[in-house]
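Report on the structure given below.
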Amino acid sequence: MSEETVILEDSAPSLRTVDLNKTFRVYARPLDRVRDALSFGRGHRYTEFQALRGINLDVPKGETVGLIGQNGSGKSTLLKVLARLMIPTSGIVEVRGRTASIIELGTGFHPEFTGRANVYLSAGLMGLTHAEVDEVFPRILEFSELQDFIDRPVKTYSSGMWVRLAFSTAISINPQILLVDEALSVGDLLFQQKCIAALRKFQEAGVTIVFVSHELTAIKTLCSRTVLLDKGEKISEGPPEAIVSEYVSLIARRASRQNLIIREGEERRRYGSYEAEIVEVALTDESGGPVSGVPCGELLVVVVRVRINKPVESPSVGILIRDRLGNDIYGTNTCLAGIPWSGHPGTWEVRIRMRVDLGPRPYYLAVAVHSGRDHLGVCYDWIDNAATFQVLPGQESPFSGYARLKPDFFIREVDA
Amino acid sequence: MTAPGRRPRALLELIWSLALRQLYGRYIGSAMGIFWTVVHPLIMLAVWTFVFSYILKLPFSSDGGLVNSAFYLFCGLVPFLSFQETVQNCTTSITGNAALVKNLVFPSKTLQFSVGLASLISEFIGIGILVAALVLTRFQFPIYLPLILPFALLLMLFGIGLGFITCSLHVFFRDVAQLVNVMLMLWLYATPIFYPVHLLPRNLEFMIYVNPLAYVTNVYRSLLLVGTLPSLRGFLVFCAISLGTFVLGYRTYTRLFPRFIDEL
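Quick mapping for you: the protein sequence lines, in order, are chains V and X.
Numbered continuously in the numbering used here, the first sequence closes out at residue 457.
Numbered continuously in the numbering used here, the second sequence closes out at residue 558.
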């Protein structure tokens, strides 16, 4: 706390944790668990996984705190502990006020029942009586904009409609504390904006909000404070701008194993005749250090190692960048780029350096070695999702969409 | 986990609507819907009347009327099936609703109570059919009918108590569900429902005295068919067993809950 902090009568934290730890026991086989259970506490056939280590958190009333960190850093576990959906192994959790947690939306819905019946049941699970739901129902209906569908079974809903109804129900209890896990990334754009507007309204009303998000823009615009978690530890805390850039440099620095290809990777789709093979794919920065993220407008190097097994005709090494939905964003190869390459048998390293003028979001990289201009004719080796990387917000002014086109603006007044 | 500040009214309403969800959910989408809950026991009663009165002719009681055996059977089976349904559905109540328990803060014990309530409702439908059949075929109304209620409630608590234990264990050991099904099947045959007590060999008679379900079967028969009152002593023992099991189950569940939410 800073020196000027005045302790007010009602400034007792509405959310607080002291030295919070959470450890999971992981059993390799179900039988091990039975053996441990039968040994009355003497068995230790499990490995421990510490999801949270000594977390101290203080969220005063009315503040909005964003939790960021890589997958597995403990953000969601922390949120679940705050929501009282998990009990910490040790430490103190204090939550004061009526809490709504938006963890996974619509999990309580029964697909065969109507939207209306599901709203009543979900609100009942949150602690409302039938009469109280009667009262808030018009508000839920209005916010969800599902007037025409409310009496149809929710199995006929689109996933967006499902989430809309669930979100509308979740916020209907007038919470004093709101815990949100990645809920803003679902639903269509219009509804996302509506959710953000709703969150802002809650902020104005003095509701305390803790939310987890990978959308760094949302973190920057909504939070008053950001907490960075890594491997279950709180590594820093402060104003969103500073913490987000710390996070960005953290993942940019971090070596990522996913860039290494071992033959027959199960999750990657791979095909080809294998006269030439891709043996390794890595993403590095200019100096050759491995990266998994790159700020927009900076350089990224894709390193592809190829082994040519037998003489092949006009081999070409290429990459294809795709977004989450599988849309092709950009693709090139040595042939298209007009790079002369003999490609005689042996092992080769192809380094493709490019300035990543792409919008900040995750991308997937497909890598291929084939004959000629594209892989549609003779393809020696094609690997989908050979690597993934995250484009992070850069130094330049933000933009919307995928491509940073670096436009010039000319403005003049005509006909005064 | 018990959420803080739940009001009893909201809790009861939640249990009620969860129970309705189960009852309706079972038949939703089918043309006859909720009527199946009535049709199913009706057909059962009809078939047994046929089998046991015309084919098997088991001597359940001394007066041995035409439809008598079927009534005896039905009388024993209605509470047992309700009990079986409670324990079986309780066992999978946490694992089957894992998404709910993991992602929503709500008093999760309402799940087991709602299972018990749903089974109780189907039991009452069965009893209703039995009483209607009694009135229509024998022109007699069982005047002790209201006394069924405390026994049905105690049996429900007994089932929920066991269910609390089995559902907690089921989270850790998925074999528990299979084990429970097998045990319940054995239990069904160990209870004198399909055979009269007096056909039981002497050395197996002790099974009647240690089996609460045998007691319940007997009480249902004497209240609904014979028209005699059970002894106060037997009732008190049954009370103690049911409530004791319930409390034990409740406490087991409460103690294991923090551990098993990590496993879901």
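No residue lacks a Cβ here, since even glycine has one placed at the ideal position from N, Cα and C.
None of the values given here were measured: they were computed from a predicted structure.
| Query | Result |
| --- | --- |
| Local conformation of N112 of chain V per DSSP, three classes | coil |
| Test item: CB-CB of L449 of chain X and V504 of chain X under 8 Å | no |
| Within-8 Å CB hit, T148 of chain V to chain X | yes |
| Nearest residue (CA-CA) to P401 of chain X, options V:L162, V:M167 and V:F65 | V:M167 |
| Endpoints, alpha helix (DSSP H) assigned at D469 of chain X | D469 to A484 |
| The stretch 362-370 of chain V in contact with the stretch 399-412 of chain V per 3-pair CB rule at 8 Å | yes |
| Minimum Cβ-Cβ distance from E379 of chain X to chain V less than 8 Å | no |
| Endpoints, the beta strand (DSSP E) within which M501 of chain X is located | No beta strand (DSSP E) holds M501 of chain X; the alpha helix (DSSP H) holding it covers F500 to Y503. |
| Rounded straight-line distance, which links the Cα of P436 of chain X to that of K396 of chain X | 47 Å |
| Buried or exposed (CB count within 10 angstroms, at least 16 for buried), T267 of chain V | buried |
| Terminal residues of the alpha helix (DSSP H) in which L146 of chain V lies | From DSSP, L146 of chain V is part of no alpha helix (DSSP H); its letter is neither H nor E. |
| N-terminal and C-terminal residue of the alpha helix (DSSP H) that T389 of chain X is part of | S387 to G390 |
| Rounded Cβ spacing between V347 of chain V and A317 of chain V (contact assumed at less than 8 Å) | 6 Å |
| Buried/exposed call for E282 of chain V, threshold 16 Cβ in 10 Å | exposed |
| Within-8 Å CB hit, V474 of chain X to chain V | no |
| Length of the line joining the Cα atoms of T539 of chain X and T429 of chain V | 55 Å |
| Residues of its chain near V332 of chain X, where Cβ-Cβ distance is below 8 Å and the 5 sequence neighbours each way are ignored | I419 and I423 |
| First through last residue of the beta strand (DSSP E) which encompasses I421 of chain X | First-last for I421 of chain X: K403 to R432, but that is the alpha helix (DSSP H), not the beta strand (DSSP E). |
| Proximity to H464 of chain X [Cα-Cα], best of X:A392, X:L314 and X:M338 | X:A392 |
| Proximity test, Cβ basis, 8 Å: R303 of chain X and chain V | yes |
| Strand pairing of F252 of chain V, partner residues [DSSP] | V:G107 and V:V221 |
| W203 of chain V - DSSP class collapsed to helix/strand/coil | helix |
| Length of the line joining the Cα atoms of G458 of chain V and P356 of chain V | As displayed, chain V neither begins before 42 nor continues past 457, which places residue 458 of chain V out of reach and without an answer. |
| Through-space distance from L482 of chain X to G521 of chain X, alpha-carbon basis | 25 Å |
| Residue-level contact to chain V via CB, F467 of chain X, 8 Å cutoff | yes |
| Terminal residues of the beta strand (DSSP E) in which M465 of chain X lies | According to the sequence as given, residue 465 of chain X is Val; it is not Met. Run containing V465 of chain X: none in the beta strand (DSSP E); it sits in the alpha helix (DSSP H), I442 to F466. |
| CB contact below 8 Å: M395 of chain V versus chain X | no |
| Closest by C-alpha distance to D369 of chain V, when choosing among V:P331, V:F450, V:N426 and V:L231 | V:N426 |
| Within-8 Å CB hit, F232 of chain V to chain X | no |
| Proximity of C369 of chain X and R515 of chain X at Cβ, strictly below 8 Å | yes |
| Buried or exposed (CB count within 10 angstroms, at least 16 for buried), F500 of chain X | exposed |
| Three-way DSSP call (helix, strand, coil) for S185 of chain V in this model | helix |
| Presumed contact (8 Å Cβ cut-off) between L338 of chain V and G435 of chain V, rounded CB distance | Reading off the sequence, residue 338 of chain V comes out as Gly, not Leu. The pair is a contact, with the Cβ atoms about 4 Å apart (cut-off 8 Å). |
| Contacts that I388 of chain X makes with chain V (C-beta to C-beta distance below 9 Å) | Residues of chain V passing the Cβ test: none, with the nearest at roughly 14 Å. |
| Proximity test, Cβ basis, 8 Å: E417 of chain X and chain V | no |
| Chain V contact for Y393 of chain X (CB, 8 Å cutoff) | It is Ala, not Tyr, that sits at residue 393 of chain X in the sequence shown. Yes, A393 of chain X lies at the interface with chain V (some Cβ there is under 8 Å from its Cβ). |
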